[in-house]
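Down below is the structure, laid out as structure tokens.
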Amino acid sequence: MKKALSVACILTLIYGCASTPAPESQPAEPQASPAPPPAAPPSAAVKPLAPSTVQSDSVKDGTLAKRSVFYELDKYDVRDEYRPTLQAHGKYLAEHRSSKMLVQGNCDERGSREYNIALGQRRAEGVKRMLVLMGASESQVEPVSLGEEKPRCTEHGEGCWSQNRRSDMLYGGEY
Amino acid sequence: MRKPATYLLALLLLAAAPARAQLTIEIIGGGANQIPVAVLPFAGEAALPQSITEIVEQDLTRSGRFRALFVGGVSPLPTEPAQVNFADWKSRLADALVIGQAHRLPDGRFEVRFRLLDVLKQTQIGGIAFTLTAAQVRLTAHKIADYIYEKLTGERGVFSTRIAYVVKQGTRYELRVADADGQNAQSILSSSEPIMSPAWSPDGTRMAYVSFQNKKPILFVQQLSASKQPAPVANYRGSNSAPAWSPDGKTLAAVLTRDGNSQIYLMSADGSNLRRLTTSGAIDTEPFFTPDGQSIYFTSDRGGSPQIYRMAASGGEPARITFDGDYNVSPRVSPDGKTLAYISRISGRFQLMAMDLESKQIQTLTDGQRDESPTFAPNGRIILYASDIDNRGVLAAVSSDGRFKQRLGIQAADIREPSWGPFMGN
């Protein structure tokens, strides 16, 4: 039980890292999120947290720790640089059919709130489609939109807006 | 442009504001051809828990259609037309005069009578007597103002209608309903997750809205008299949002993604009898019924950028309505069906536009940076919308001819997503 708890802490750390906003000075490519810290406990001794939560041994692969796709203004197409990330998650989902994923699409604060719900949905849908192409099954992934309602970064300028035009991938147990 | 008298009034309102944050109103643009009206204090008005004529005068002034004249120094206060010195009011340039009286009834309630007088013709235009409880003073004042407004402008007043809006304060979201002047606000829903897109049912008894309390947009319809949140009317896979009522209150249009991309669906007000209206591979959202219920305006990016379209509520091929620019969203049709209000992105600024649907002539009504979510007053005279000052959300209002502007704000809170309620039966 104690071990499971410490694993949970590490997982939180990793995901916490992955979702920390990049500093404002960075260009609109916050893909350069830091690699996850090496997992301290030996993976062989690790018990799975919950059936649907991502398995800890896979998290050691840095690609799976990347959970976000970023977009240009008004756009929803997944740029090529995110393909390796989505490929890794698609493969993981294909290999773990009991795993579920929620993809949350987000927009920056400008424009119609309702149109942004639709745009965020389209972004999430695009990520889902690619995950399915990479091996995930339709029923494993639910795309939803948060529109402009849950900004990660709350300043009012492109530095923040580029971080808020984003899709996040969350595994079961993480939302 | 700011008028000292009203500014002072706003300050007074602020000073008198109870602990609960109320909306304050600041008039930032003048209207033309204002009718000069004198609202005399009602004799015996001090018996009421608050001044009824003060509220009447504020209502009339705020509408932009009237200019309230100074009424100090009149003694004794006239209660009958025969007691009025019409020559004096004529020399003070009043077109209309309001007189009245109030007194407490033996059962603890109050009686208020008022008369509206034509100064030039020296005749009574009309008058009403009300019996009311202490809690009904504000509503009675709004009804008196509605009466005066209608008699003098020929159009129905909206002072006794209500508005809904969303307030974000810290990490809390509240859906509030208030009088049209922003006073008397009541919370109908409070949540730690976002609330958006409130829409009044046409009879004013229910509110449709979108809540994120389950981590994604889900659609609810809540009785305003109910204290509990009901079960959702649409909670399908993906997102459920953008509710709009048909004029008869029987049908809801909403945007669902249950079959893939955001598409418009129709359903009964309880969520049953679901059917899909649009079938595009694009985003279709923000449906809005025309007043006759026959057509639906909506936003779609089927042409490559978000633009406004119209289609029959029974289905069929949509027609594109907006062509200028690459971002035209949030269509709302005026109650008379003649004007389309919408938001346009022009050089990175989001502004409120009005299109005359017959001539297709377009007028820019606002010059804000981030104006959003327009909603027509039920008489079509005013458009309320969300704006911002120093990155804080405020509500603003503009007359549908663009001449008269006001701003409504709450100190230290973000206020957005206004929805103007319907006329209520008298």
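So the sequences go chain by chain: V and B.
Heads up: the first sequence is residues 1 to 175, going by the working numbering.
Heads up: the second sequence is residues 176 to 601, going by the working numbering.
Even glycine gets a Cβ: it sits at the ideal position worked out from N, Cα and C.
Owing to the predicted nature of the structure, the values given are computational and were not obtained by experimental measurement.
- Using the beta-carbon of each residue, which ones in chain V are nearer than 8 Å to S175(B)? The requested residue 175(B) is not part of the displayed model; chain B covers only 176 to 601.
- Message: As an exercise, report each continuous alpha helix (DSSP H) stretch of at least 4 residues that is fully enclosed by the stretch 109 to 167 of chain V, in chain order.
- Response: 113 to 133, 158 to 164
- Chain-order list of residues whose beta-carbon lies under 8 Å from that of E492(B) (same chain, five-residue window excluded): Indexing the second sequence from 1 puts residue 492(B) at position 317. Here the set comprises M486.
- Message: Taking 9 Å as the threshold (beta carbon to beta carbon), is S167(V) in contact with chain B?
- Response: By one-based count along the first sequence, residue 167(V) stands at place 167. Judged by the 9 Å Cβ criterion, S167(V) is not in contact with chain B.
- Task: Could you check how far apart the C-beta atoms of P506(B) and T474(B) are, in whole angstroms? I think they sit under 8 Å.
- Result: Taking the second sequence and counting its residues from 1, one reaches residue 506(B) at position 331. Taking the second sequence and counting its residues from 1, one reaches residue 474(B) at position 299. Contact flag correct, Cβ pair sits at about 7 Å.
- Work out the CA separation of L515(B) and P253(B) for me, nearest whole Å. As a working mapping, residue 253(B) is identified with position 78 in the second sequence. As a working mapping, residue 515(B) is identified with position 340 in the second sequence. The straight-line gap from Cα to Cα measures roughly 46 Å.
- Message: For the stretch 225 to 251 of chain B, list every residue whose C-beta sits within 8 Å of some C-beta in chain V, in sequence order.
- Response: none
- Query: Is the shortest distance between the beta-carbon of E125(V) and the beta-carbons of chain B less than 9 Å?
  - Reply: One-based indexing of the first sequence puts residue 125(V) at position 125. Taking Cβ atoms only, chain B reaches closer than 9 Å to E125(V), which makes this a yes.
- Message: Quick test of the definition: if touching needs 3 or more C-beta pairs under 8 Å, does the stretch 561 to 578 of chain B touch the stretch 247 to 267 of chain B?
- Response: no
- When Q163(V), S99(V), V69(V), N106(V) are compared against A136(V), the one with the closest alpha-carbon: Numbered from its first residue, the first sequence carries residue 136(V) at position 136. The option with the nearest alpha carbon to A136(V) is S99(V).
- Message: Any C-beta of chain B within less than 8 Å: which residues of the stretch 125 to 154 of chain V qualify?
- Response: E125, E142, P143, V144, S145, L146, G147, E149, K150
- Task: For the beta strand (DSSP E) containing Y150(B), list its first residue and its last residue.
- Result: Since the first residue of chain B shown is 176 and the last is 601, residue 150(B) is not available in this structure.
- To the nearest angstrom, report how far apart K326(B) and G600(B) are at their CA atoms. By one-based count along the second sequence, residue 326(B) stands at place 151. By one-based count along the second sequence, residue 600(B) stands at place 425. Whole-angstrom Cα-Cα distance: 18 Å.
- Query: Within the chosen definition, does the stretch 496 to 511 of chain B reach the stretch 544 to 559 of chain B through at least 3 CB pairs nearer than 8 Å?
  - Reply: yes
- Under 8 Å from the C-beta of L119(V): neighbouring residues of chain B: Here residue 119(V) is taken as the residue at index 119 of the first sequence, counted from 1. The answer, in chain order, is I458.
- Item | Coarse secondary structure for P84(V), derived from DSSP in three states | Numbered from 1 along the first sequence, position 84 holds the residue referred to as residue 84(V). Correct three-state label for P84(V): helix.
- Query: Closest to F387(B) by CA distance: which of R79(V), Q104(V), A94(V) is it?
  - Reply: Counted from its first residue, the second sequence places residue 387(B) at position 212. Nearest option by C-alpha distance: Q104(V).
- Return the bridge partner residues of E330(B) from the DSSP annotation. Indexing the second sequence from 1 puts residue 330(B) at position 155. DSSP lists no partner for E330(B).
- Among I483(B), S489(B), R524(B), D501(B), which one has its Cα closest to the Cα of Y517(B)? If you number the second sequence from 1, residue 517(B) lands on position 342. Per the Cα distances, I483(B).
- Would you mind stating whether H317(B) and D263(B) have Cβ atoms separated by less than 9 Å? Here residue 317(B) corresponds to residue number 142 of the second sequence, with the count starting at 1. Here residue 263(B) corresponds to residue number 88 of the second sequence, with the count starting at 1. For H317(B) and D263(B), no; Cβs fall outside 9 Å.
- If you run the structure through DSSP and keep just helix, strand and coil, what is A180(B)? As a working mapping, residue 180(B) is identified with position 5 in the second sequence. For A180(B), the pLDDT reaches just 39, beneath the cut-off of 50, and the residue's location in the model is therefore unreliable, leaving the point undetermined.
- Item | Integer-rounded CB distance, given that I338(B) should sit under 8 Å from P549(B) | Position 374 of the second sequence, counted from the start, is the residue given in the question as residue 549(B). Position 163 of the second sequence, counted from the start, is the residue given in the question as residue 338(B). That pair is no contact at about 13 Å.
- Task: Report the neighbours of M371(B) on chain D: residues whose CB is nearer than 9 Å to its CB, in chain order.
- Result: Note that chain D does not occur in the displayed structure, where the protein chains are V and B.
- Taking the alpha carbon of L431(B) as the point to measure from, which residue in S562(B), R451(B), E547(B) has its own alpha carbon closest? Here residue 431(B) is taken as the residue at index 256 of the second sequence, counted from 1. Among S562(B), R451(B), E547(B), the Cα nearest to that of L431(B) belongs to R451(B).
- Query: Beta carbon of V231(B), beta carbon of A269(B): below 9 Å?
  - Reply: If you number the second sequence from 1, residue 231(B) lands on position 56. If you number the second sequence from 1, residue 269(B) lands on position 94. Contact: no.
- Task: Have a look at the DSSP bridge pairing and note the partners of K343(B).
- Result: Along the second sequence, one-based indexing puts residue 343(B) at 168. The partner list for K343(B) (beta bridge, DSSP) reads Y348(B), D589(B).
- Query: If we count Cβ pairs, one from each stretch, closer than 8 Å, do we get three or more for the stretch 406 to 415 of chain B versus the stretch 136 to 150 of chain V?
  - Reply: yes
- Task: Could you please give me the residues that DSSP links to S266(B) through a beta bridge?
- Result: In the second sequence, the residue the question calls residue 266(B) occupies position 91. None, per the DSSP bridge assignment.
- Three-state secondary structure (DSSP) of G275(B): As a first step, residue 275(B) is located in the second sequence; it is residue number 100 there, counting from the start. In the structure shown, G275(B) sits in a strand (DSSP, three-state: E or B).
- Quickly, what does DSSP pair Y560(B) with across the bridge? List them, please. As a first step, residue 560(B) is located in the second sequence; it is residue number 385 there, counting from the start. In the DSSP output, where bridge partners are listed per residue, Y560(B) has A571(B).
- Task: State whether the stretch 118 to 126 of chain V contacts the stretch 79 to 96 of chain V, with contact taken as three or more CB pairs (one from each stretch) at a distance under 8 Å.
- Result: no
- Query: In whole angstroms, what is the alpha-carbon distance linking S365(B) and V352(B)?
  - Reply: Start at 1 with the first residue of the second sequence, and residue 365(B) comes out as number 190. Start at 1 with the first residue of the second sequence, and residue 352(B) comes out as number 177. Cα to Cα, the separation comes out at about 12 Å.
- Task: Could you tell me whether the stretch 300 to 313 of chain B touches the stretch 275 to 288 of chain B, using the rule of 3 or more Cβ pairs below 8 Å?
- Result: yes
- Query: Can you give the Cα-Cα distance for A529(B) and R578(B), rounded to whole angstroms?
  - Reply: As a working mapping, residue 529(B) is identified with position 354 in the second sequence. As a working mapping, residue 578(B) is identified with position 403 in the second sequence. The alpha-carbon atoms of A529(B) and R578(B) are separated by roughly 13 Å.
- Item | alpha helix (DSSP H) segment containing D234(B), residue limits | The residue labelled residue 234(B) in the question sits at position 59 within the second sequence. Taken as a continuous stretch (DSSP letters only), the alpha helix (DSSP H) holding D234(B) covers 227 to 237.
- Task: Mind checking who M486(B) pairs with in its DSSP beta bridge?
- Result: Taking the first residue of the second sequence as position 1, residue 486(B) is located at position 311. Paired residues: I471(B).
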